[in-house]
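As they're listed, the protein sequences go chains E and W.
Just so we're aligned: 165 in UniProt numbering is position 165 of the first sequence, and the numbers increase by one with no gaps anywhere.
Just so we're aligned: 11 in UniProt numbering is position 11 of the second sequence, and the numbers increase by one with no gaps anywhere.
Yeah, the Cβ is synthetic: ideal placement off N, Cα and C, and Gly gets one too.
Model, not experiment: these values are computed from the prediction.
2 protein chains.
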Amino acid sequence: MGNSEKSISSAVIKRLPRYFRYLGVLKANNITRISSKELSEQMMVTASQIRQDLNNFGGFGQQGYGYNVDNLYTEIGKILGLDKRNDMIIVGAGNLGQALANYQSFNEDYGYKVMALFDVNPKLIGISVRGVKVLDIDEMESFIKAHDIKIAALTLPKDQAPEMAKRLVEWGIKGIWNFAPIDLHLPEDVTVENVHLAESLMTLTYNIHNREESGD
Amino acid sequence: MGNSEKSISSAVIKRLPRYFRYLGVLKANNITRISSKELSEQMMVTASQIRQDLNNFGGFGQQGYGYNVDNLYTEIGKILGLDKRNDMIIVGAGNLGQALANYQSFNEDYGYKVMALFDVNPKLIGISVRGVKVLDIDEMESFIKAHDIKIAALTLPKDQAPEMAKRLVEWGIKGIWNFAPIDLHLPEDVTVENVHLAESLMTLTYNIHNREESGD
DNA sequence: TAGATTGTTAATCGATTAACAATC
DNA sequence: TAGATTGTTAATCGATTAACAATC
Numbered sequence: 001m002g003n004s005e006k007s008i009s010s011a012v013i014k015r016l017p018r019y020f021r022y023l024g025v026l027k028a029n030n031i032t033r034i035s036s037k038e039l040s041e042q043m044m045v046t047a048s049q050i051r052q053d054l055n056n057f058g059g060f061g062q063q064g065y066g067y068n069v070d071n072l073y074t075e076i077g078k079i080l081g082l083d084k085r086n087d088m089i090i091v092g093a094g095n096l097g098q099a100l101a102n103y104q105s106f107n108e109d110y111g112y113k114v115m116a117l118f119d120v121n122p123k124l125i126g127i128s129v130r131g132v133k134v135l136d137i138d139e140m141e142s143f144i145k146a147h148d149i150k151i152a153a154l155t156l157p158k159d160q161a162p163e164m165a166k167r168l169v170e171w172g173i174k175g176i177w178n179f180a181p182i183d184l185h186l187p188e189d190v191t192v193e194n195v196h197l198a199e200s201l202m203t204l205t206y207n208i209h210n211r212e213e214s215g216d
Numbered sequence: 001m002g003n004s005e006k007s008i009s010s011a012v013i014k015r016l017p018r019y020f021r022y023l024g025v026l027k028a029n030n031i032t033r034i035s036s037k038e039l040s041e042q043m044m045v046t047a048s049q050i051r052q053d054l055n056n057f058g059g060f061g062q063q064g065y066g067y068n069v070d071n072l073y074t075e076i077g078k079i080l081g082l083d084k085r086n087d088m089i090i091v092g093a094g095n096l097g098q099a100l101a102n103y104q105s106f107n108e109d110y111g112y113k114v115m116a117l118f119d120v121n122p123k124l125i126g127i128s129v130r131g132v133k134v135l136d137i138d139e140m141e142s143f144i145k146a147h148d149i150k151i152a153a154l155t156l157p158k159d160q161a162p163e164m165a166k167r168l169v170e171w172g173i174k175g176i177w178n179f180a181p182i183d184l185h186l187p188e189d190v191t192v193e194n195v196h197l198a199e200s201l202m203t204l205t206y207n208i209h210n211r212e213e214s215g216d
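Structure (structure tokens):
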């Protein structure tokens, strides 16, 4: 399914969550309608880009009126899959894994549910992080299958990450949120979203030392 | 300074840390030379892109030979500013702030030094995270000035982030590594590198639900 | 209706890839 | 030298912006 439509460029996809965030703020402020022009000024992008982006998914606006904030928020949520069950596990219960488990916004604002953390460290197994148990990594296969988990955050050291990613996929995981500083090579029906913190920090450092007067 | 050269596109800059990472692996494996073709196969990009990217900064290669791994690694490190002192502070000593302080790779592999964490929470003030003290946020201004800190990781809740960012800049911070889910509007000589985890997760979710057979 | 604003086509801009002369 | 591979120009591709007819 979804195979007949022309595929959407990843540049567009990456902008959707930001639209969603701004619409959430508008909604919270009881603003009911917004034009692409107004939104473009708030977001500091072109109105043209907003209209082009949204029209990849359908005509959500109305000529002469603009967009209904509530409706557009809901529709973008659906496009992003936030209307579906998004149960996830966190593989690696170290500092970063625990920090992710603690971050309530994923659940409260977007509906993601962390079902369990997994680790090999006996000192961690059995503890709870905000009500979520750390389980032995040996139990992971059955857990994934029993709960039909599709999303795994991978917060293991980089030397363990590729092998674990391979197994996760064998057990049914379809999307890996990868925090290990390594590239994972997986079947093409599996999605990898990398969060390479060190690379992000290096980009920052470059810009600090090379900033031009005409920044964007 | 740096104002006369044509500015480098951010697409190129964002690829540099990945080149750096691959070169680090080659170096660790005692590989002394590599051609753009070989590297392109490992990294799954085009050789043309590698040569174009590198030539923004100078001719690091040699016809008929390729690139010297050690030299190229060093040069890219310099471009990224890793040869400079990169002292940083972490503002917000919650789970994420502590997780960053704990992540030794920033220091061991790239030379970043976390000088202190800051928080308002009396329960956190005084504790140490991997030898780094959590200080009262009231001491931050003098600390930044005394240690000439230019880089701050901002791991506060989103409602506190914009005001704090403004102050950090007043006190001399030139680069903010922003983990708060909000856009910061700061003077253009200040760099902001966003790590918007929720947005990254939503992108993953979109792709899980909409993956095509012909993935890239 | 008149005014506003979308949806969409066309034009522009920038980034990627291909090609090849230069040269080690 | 002959072969390999860069540095760089030219061609292509894709993404962004501008423009405007459609229409609420």
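Given this structure, state the Cα-to-Cα distance separating residue i from residue j, to the nearest angstrom.
i                : j                : result
Leu204 (chain W) : Ala153 (chain E) : 11 Å
Ser9 (chain E)   : Lys174 (chain E) : 20 Å
Met1 (chain W)   : Val45 (chain E)  : Residue placement at Met1 (chain W) is poorly supported in this model, since its pLDDT is 37, which falls under 50; the coordinates still yield a value, given next. Taking the straight line from one Cα to the other gives about 29 Å.
Ile79 (chain E)  : Gly58 (chain E)  : 11 Å
Tyr22 (chain E)  : Ser40 (chain W)  : 38 Å
Asp207 (chain E) : His209 (chain W) : The sequence given here has Asn at residue 207 (chain E), not Asp. Approximately 35 Å, taken between the alpha carbons.
Val114 (chain E) : Pro122 (chain E) : 21 Å
Val12 (chain W)  : Asp53 (chain W)  : 6 Å
Gln49 (chain W)  : Asn56 (chain W)  : 11 Å
Gln160 (chain E) : Ala28 (chain E)  : 42 Å
His196 (chain W) : Asp183 (chain W) : 10 Å
Leu16 (chain W)  : Asp83 (chain W)  : 15 Å
Gly61 (chain W)  : Leu186 (chain E) : 32 Å
Asn194 (chain W) : Gly126 (chain W) : 28 Å
Leu26 (chain E)  : Met164 (chain W) : 23 Å
Asp216 (chain E) : Asp148 (chain E) : Residue placement at Asp216 (chain E) is flagged as unreliable, the pLDDT there being 36, under the threshold of 50; the coordinate-derived value follows with that caveat. In a straight line, the C-alpha of Asp216 (chain E) is about 44 Å away from that of Asp148 (chain E).
Phe179 (chain E) : Gly111 (chain W) : 20 Å
Ser142 (chain E) : Asn86 (chain W)  : 45 Å
Arg51 (chain W)  : Leu124 (chain W) : 49 Å
Arg211 (chain W) : Tyr19 (chain E)  : 21 Å
Asn107 (chain E) : Asn30 (chain W)  : 46 Å
Ser35 (chain W)  : Thr32 (chain E)  : 57 Å
Gln104 (chain W) : Val132 (chain E) : 26 Å
Asn95 (chain W)  : Arg130 (chain E) : 12 Å
Ile144 (chain W) : Pro162 (chain W) : 18 Å
Ala47 (chain E)  : Ser7 (chain W)   : 26 Å
Ser128 (chain E) : Ile151 (chain E) : 20 Å
Ala116 (chain W) : Ala146 (chain E) : 44 Å
Phe118 (chain E) : Pro181 (chain E) : 19 Å
Gly24 (chain W)  : Val120 (chain E) : 28 Å
Gly81 (chain E)  : Trp177 (chain W) : 28 Å
Asp109 (chain E) : Met43 (chain W)  : 36 Å
Can you tell me where the alpha helix (DSSP H) with residue i in it begins and where it stops?
i                : result
Ala116 (chain E) : No alpha helix (DSSP H) contains Ala116 (chain E), which is instead part of the beta strand (DSSP E) from 112-119.
Glu38 (chain E)  : 36-43
Thr203 (chain E) : 197-210
Ala101 (chain W) : 95-102
Ile149 (chain E) : Ile149 (chain E) -> no alpha helix (DSSP H), and no H or E assigned at all.
Gly175 (chain E) : Per DSSP, Gly175 (chain E) belongs to no alpha helix (DSSP H); it is in the beta strand (DSSP E), 175-178.
Val12 (chain E)  : 10-28
Can you give me the start and stop residues for the beta strand (DSSP E) that residue i sits inside?
i                : result
Leu135 (chain E) : 132-136
Ile125 (chain W) : Run containing Ile125 (chain W): none; DSSP gives neither H nor E here.
Glu170 (chain E) : Note, Glu170 (chain E): premise wrong, no beta strand (DSSP E); alpha helix (DSSP H) at 161-170.
Asn55 (chain W)  : Here Asn55 (chain W) belongs to no beta strand (DSSP E); instead the alpha helix (DSSP H) covers 47-55.
Glu193 (chain E) : 191-194
For a test of your reading of the model: does the CB of residue i fall under 7 Å from any non-hydrogen atom of the ligand FMN? Yes or no.
i               : result
Arg21 (chain W) : This structure simply doesn't include the ligand FMN, nor any ligand for that matter.
Is the segment 68-75 of chain W touching the segment 126-142 of chain W in the sense that three or more CB pairs, one from each, lie closer than 8 Å?
-> no
Beta strand (DSSP E) runs contained entirely in the segment 61-92 of chain E, provided each spans 3 or more residues = 66-68, 86-91
Are at least three pairs of beta-carbons, each pair with one atom in the segment 86-102 of chain W and one in the segment 153-171 of chain W, less than 8 Å apart?
-> yes
Touch test, the segment 58-73 of chain W against the segment 85-95 of chain W, Cβ-Cβ under 8 Å, three pairs minimum = no
Determine which residues of the segment 49-67 of chain W have a Cβ less than 7 Å from any Cβ of chain E, and write them out in chain order.
-> none
Is the segment 191-209 of chain E touching the segment 24-40 of chain W in the sense that three or more CB pairs, one from each, lie closer than 8 Å?
-> no
Output, in sequence order along the chain, the residues in the segment 92-114 of chain E whose CB is closer than 9 Å to any CB in chain W.
-> Gly94, Asn95, Leu96, Gly97, Gln98, Ala99, Leu100, Ala101, Asn102, Tyr103, Ser105, Phe106, Asp109, Tyr110, Tyr112
Contact between the segment 161-171 of chain W and the segment 182-191 of chain W: three or more CB pairs below 8 Å?
-> yes
When Cβ atoms are compared, which residues of the segment 155-189 of chain E fall closer than 7 Å to chain W?
-> Lys174, Gly175, Trp177, Pro181, Glu188, Asp189
Using a beta-carbon distance cut-off of less than 9 Å, what residues from the segment 141-154 of chain W approach chain E?
-> Lys150, Ile151, Ala153
Note down, in chain order, all residues in the segment 196-208 of chain E with a beta-carbon under 8 Å from any beta-carbon belonging to chain W.
-> His196, Leu197, Ala198, Glu199, Ser200, Leu201, Met202, Thr203, Leu204, Thr205, Tyr206, Asn207, Ile208
Any residues in the segment 65-90 of chain E with a beta carbon nearer than 8 Å to a beta carbon of chain W? Which ones, in chain order?
-> Ile79, Leu80, Gly81, Leu82, Lys84, Asn86
If contact means a Cβ-Cβ distance below 8 Å, which residues of the segment 16-35 of chain W contact chain E?
-> Leu16, Pro17, Arg18, Phe20, Arg21
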